[in-house]
Every structure is written in C-alpha cells, then in structure tokens.
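Asks: Can you read through this structure? Questions will come right after.
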Amino acid sequence: MKKAIALALALVLALGMLAGCGGKESAPSAPAPAPETTAPAGNDASAEADPMAELITAAKAEGELVVYGSCEEDYLSAACANFERLYGIKTQYQRLSTGEVPTKIEEENGNPSADVWFGGTNNPYDTAAAKGLLDNSYAPANASHLTKDIYKDPDGYWYGIYTGILGFMVNTVELERLGLAAPQSWDDLLKPEYQGLIWLSNYNTAGTAKLVVNTMLQMKGHDAGIQYLVDLDKNIQVYTKSGSGPSKNVGTGECVIGIGFLHDGITQIVDNGYDNIQLIIPADGTSCEVGPVAIFKGAKHQAAARLFMEYALSPECVELGADNGSYQFLVIDNANQPQQAIDFGLDPDLVWDGYDFADAAQNTAQYVEEVMEALNGGDDRFKVE
C-alpha cells in the first residue's frame, strides 16, 4: 500500500515539476570494509595506501572522537556507531541544529568540545568558517568523488555529503476540509486564506530557514525579498527550532502547510505512514542545500577527525541515510542514491540554477539580521527555550 501511495505521490510531484522550475544506535549486521579512498591526481594507489594506513593508526591511538551532528538523529547515531565499529574508536555525538553549533563553538573560544561537525545545511558552516571556527588544513582524498564543485567549500572548510530540495509539504485532508487548494508557488503562500496555516523554521536557529532567506533575497532582489518575508510572517503560525520541525507536524494536521526540505516529507510518508502529505516544488523556482562535514579549529582528536572526514565521504557512511529515514540525494559518484528520493522525483538538477552560494556564504548573517530588524526583532514565535 505504501509503495502504491509513494508512486502516486511521485507522479503528482513530477507533474508539479514540469509546471515549475526548469542516542539510539543502528549499525550494519555484517562487517563493512574500511572506506575506500581515491588517490589524488598524479599519485598511484600504492603511494596513497601508506598515508591512509598511517592515519588509521594515528586515529586508533587517539581512541576517541566527538561529533556534533545537525542531520536527523537516527542517521547521526547510525553513522557514528558504524564509525566506532569499523575502527574501534569511541565515538560520542550530540544532535544540535545548524544555527546552534557556531554559537556553541564560538563560546568555547578556541577549545571546542567536539572534533567534527556532520550534516545540516551549509550556510551556518560558512558563518563558522568566516569566524575562524573551522579547520581547512586537511583535504580528504575521498573528496575526489564529489560530483560538482558547489558540493565543497572553495577554501576547503567543508565538504558535502548530500543535497536536498527546498519546498512545501501540505496536509491534503486538512486543505480539503478547509476548501483550499494547495499552494504552488512562493507567492501563493502570501494569500490571506493561508493565514495561521504555515509553519517555517526559525531564522535564528535553523539552516533551513537561512536558506529560505537567501533564496528569497536572491530570487526577488534584496529589498523585495525582505518585504516578502515580512508579508509571509503574517501567515506563519509557528517558527520551529529545527529545519525539520514543520515536516514532523504536517501528517498530524497540526501544521497544514510546512516549508522545508522535501526529503523530510518523504520520511513522514514512507517511514511514518502519513499518506495525507503532498510534496510540492515551488513553480516559481527554489534552491537546494548542501549537507557538509567539517573539522573544528582546535579539535582535540585531529587524526580521528581526519579519518571521520574520509569516512563521511564514503558509501559506507552516506548510504546509511536511506536505512535511517534520511532520503537526501548523495553527492559522491561511488554511492547508490536512495530509491525513495528517485521514486518521488526529487532530482536536485531541477532546482533554480541561479542560486549564488558565494553570496550566501558572505552575507547570510547580515541578511538574517536585516530580516529580523524588519520584523521588529520578532515576537514570541521566535523565542528559543
């Protein structure tokens, strides 16, 4: 039944595209091989083998790794448990939103409590890099498998592991009950009939919301983009702390229209059985995230952190996402894409190709500040406990 529903929803989404833009631990039961690395250009395989063996030995000697993760906790837990199983390195993790991590690391003033940052969205990574919180002294060999240049920071501060499409998730039953059609574009969200029906994540804490800010300011122009977000605020019922917050409340009907990454909607449909959710790619265009991995400046376990970078860019890590409710498209050429994302037609090549990652990297913090000023600092919906 779920498969039939999924295929039907995939057809709906595909038609929408044609009209639109041009913790708990889990580990594999059988032992997996150590992550494959690809020798840098100009080196043969045997020359690369010794440095990798030396890195593994050094990481095992450290014996410990601490990870801050901004992907969903099931995936984070599984990735860390598998790393620990592969190498015998004690791996601790904490799940934090992408907006929380730079604040926490900055407060620690050069003595970070974690070694690596895993998953989330790239805008807060750019902010962290600009503040000197990330380390770019190690270039992972497995980065040679990245399929596009946009999937890594040009200065080597982070490397992408997945990408996801920004869009809408709607509760079809609630919309029918209210006698409303589903929004098909960003401009549709401003319609007065949607007042109090829309959920979005918090601009101050969530990388997803920061991507919304950059997308609107780039698509509509700076001033018009800020005005759009002020107008949208009139229809927002809830601003959630985490970017996946809206998706988790659409199926229940508490949220009627959620703005977020569409792979989070797939999780609710496929894993949680909510067949009342429709996924929509905005007809007036949208953007995508890059989910990165990075090493914190001053990390205590340098070798283990570098080994984790290699691991994070390997099939042994990224393919765990689809087994743990995370259906983002993968950005390395030697990994298998999650079939669920393919079935729903979530092809990242269909997003707006005008998005300027460099502008976002340089100006996100300023843009968010300007939006919050335009909202007069925000009301109680923006409070974070």
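Our numbering numbers the first residue of the sequence shown as 716 and each following residue consecutively. Positions of the beta carbon are idealized from the N, C-alpha and C atoms, including for glycine. Owing to the predicted nature of the structure, the values given are computational and were not obtained by experimental measurement.
Which of the three DSSP states is assigned to residue 749 in this structure?
Replies: Per-residue confidence for residue 749 stands at a pLDDT of 45, beneath the threshold of 50, marking its modelled position as unreliable; no derived number is given.
Asks: For residue 970, name the three-state secondary structure that DSSP assigns.
Replies: coil
Asks: Given this structure, state the Cα-to-Cα distance separating residue 1059 from residue 982, to the nearest angstrom.
Replies: Each residue's CA atom was taken as its position, placing residue 1059 and residue 982 some 11 Å apart.
Asks: Return the CA-CA distance between residue 1110 and residue 781, expressed in angstroms with no decimal places.
Replies: Beyond the ends of the chain as shown, which are 716 and 1100, falls residue 1110; an answer cannot be given.
Asks: I'd like the list of long-range same chain contacts for residue 1015, defined as Cβ closer than 6 Å, with 5 residues on each side in sequence excluded.
Replies: Within the same chain, residue 1015 has no close Cβ partners at all.
Asks: Excluding sequence positions up to five away, which residues of its chain have a Cβ less than 6 Å from the Cβ of residue 951?
Replies: By the criterion of a C-beta distance shorter than 6 Å, residue 951 is surrounded in its chain by 913, 915, once the five residues flanking it on both sides are discounted.
Asks: For residue 897, which of helix, strand or coil comes out of DSSP?
Replies: coil
Asks: Residue 917 to residue 957, Cα distance in whole Å?
Replies: 7 Å
Asks: Who are the Cβ neighbours of residue 727 in its own chain at under 7 Å, not counting the five residues just before and after it?
Replies: Only weak support is given to the placement of residue 727: the predicted model assigns it a pLDDT of 39, under 50, and the question is left unresolved by the model.
Asks: Taking residue 1096 as part of the beta strand (DSSP E), name the residues at either end of that continuous run.
Replies: Careful: residue 1096 lies outside any beta strand (DSSP E) and carries neither H nor E.
Asks: Between residue 1003 and residue 880, which are expected to be in contact by the criterion C-beta below 8 Å, what is the C-beta distance as a whole number of angstroms?
Replies: 5 Å
Asks: Whose C-alpha, out of 850, 942, 962, 838, is nearest the C-alpha of residue 1085?
Replies: 942
Asks: Quick one: what's residue 1072 bridged to in DSSP?
Replies: None; residue 1072 has no bridge partner.
Asks: From residue 846 to residue 919, what does the alpha carbon distance come to, in whole angstroms?
Replies: Here the C-alpha atom of residue 846 lies approximately 17 Å from the C-alpha atom of residue 919.
Asks: Please go through the stretch 926-984 and give each complete beta strand (DSSP E) segment of 3 or more residues, from N-terminal end onward.
Replies: 951-955, 972-976
Asks: Using 8 Å for Cβ pairs, my map puts residue 841 next to residue 1020. What's the rounded Cβ distance?
Replies: Not a contact, Cβ separation roughly 19 Å.
Asks: For residue 748, does the count of other Cβ atoms within 10 angstroms reach 16, so buried, or fall short, so exposed?
Replies: With a pLDDT of 42 at residue 748, under the threshold of 50, the predicted position of this residue should be treated as unreliable, though the coordinate-derived value follows. Result: exposed.
Asks: Smallest Cα separation from residue 1131: which of 991, 936, 959, 1023?
Replies: Within the shown structure, residues of the chain are numbered from 716 to 1100, placing residue 1131 beyond reach of any answer.
Asks: On the DSSP letters alone, give me the boundaries of the beta strand (DSSP E) that residue 904 sits inside.
Replies: Careful: residue 904 lies outside any beta strand (DSSP E) and carries neither H nor E.
Asks: Measuring straight from C-alpha to C-alpha, what distance separates residue 1067 and residue 805?
Replies: 42 Å
Asks: CB residue 839 to CB residue 911, shorter than 8 Å?
Replies: Cβ atoms of residue 839 and residue 911: not closer than 8 Å.
Asks: Taking the alpha-carbon positions, what's the residue 1093 to residue 1087 distance?
Replies: 6 Å
Asks: Using only the alpha-carbon positions, how far apart do residue 1053 and residue 1037 sit?
Replies: Residue 1053 and residue 1037: Cα-Cα distance of roughly 6 Å.
Asks: Should the stretch 925-939 be called in touch with the stretch 855-864, which here means at least 3 C-beta pairs below 8 Å?
Replies: no
Asks: Quick one: grab the DSSP three-state call for residue 1060.
Replies: Three-state DSSP puts residue 1060 in coil, outside helix and strand.
Asks: Tell me which same chain residues have a C-beta within less than 6 Å of the C-beta of residue 979, skipping the five on either side of it?
Replies: Around residue 979, the same chain offers 959, 962 as residues with beta carbons nearer than 6 Å, after the five sequence neighbours per side are excluded.
Asks: Is residue 1012 closer than 8 Å to residue 850 when the C-beta atoms are compared?
Replies: yes
Asks: Would you mind stating whether residue 1069 and residue 1043 have Cβ atoms separated by less than 8 Å?
Replies: no
Asks: Can you give the Cα-Cα distance for residue 1047 and residue 1056, rounded to whole angstroms?
Replies: 16 Å
Asks: Put residue 1065 into one of helix, strand or coil per three-state DSSP.
Replies: helix
Asks: Please look up how many angstroms separate the CB atoms of residue 1063 and residue 882, rounded, as I've assumed it's under 8 Å.
Replies: In fact, because the Cβ distance is near 12 Å, the residues do not count as touching under 8 Å.
Asks: With a 10 Å radius around its C-beta and 16 neighbouring C-beta atoms as the bar for buried, classify residue 1031 as buried or exposed.
Replies: buried
Asks: Report, in whole angstroms, the separation of the C-beta atoms of residue 905 and residue 944, which I expect to be a contact under 8 Å.
Replies: That belief does not hold up - the Cβ atoms of residue 905 and residue 944 are roughly 10 Å apart, past 8 Å.
Asks: For residue 845, report the span of its alpha helix (DSSP H) as first-last.
Replies: 837-845
Asks: Per DSSP, what are the beta-bridge partners of residue 1026 in this structure?
Replies: DSSP, once it has assigned bridges, lists no residue as partnering residue 1026.
Asks: Does the Cβ of residue 662 have 16 or more other Cβ atoms within 10 Å, making it buried, or fewer, making it exposed?
Replies: Only positions 716 to 1100 of the chain appear in the structure, and residue 662 is not among them; the question remains open.
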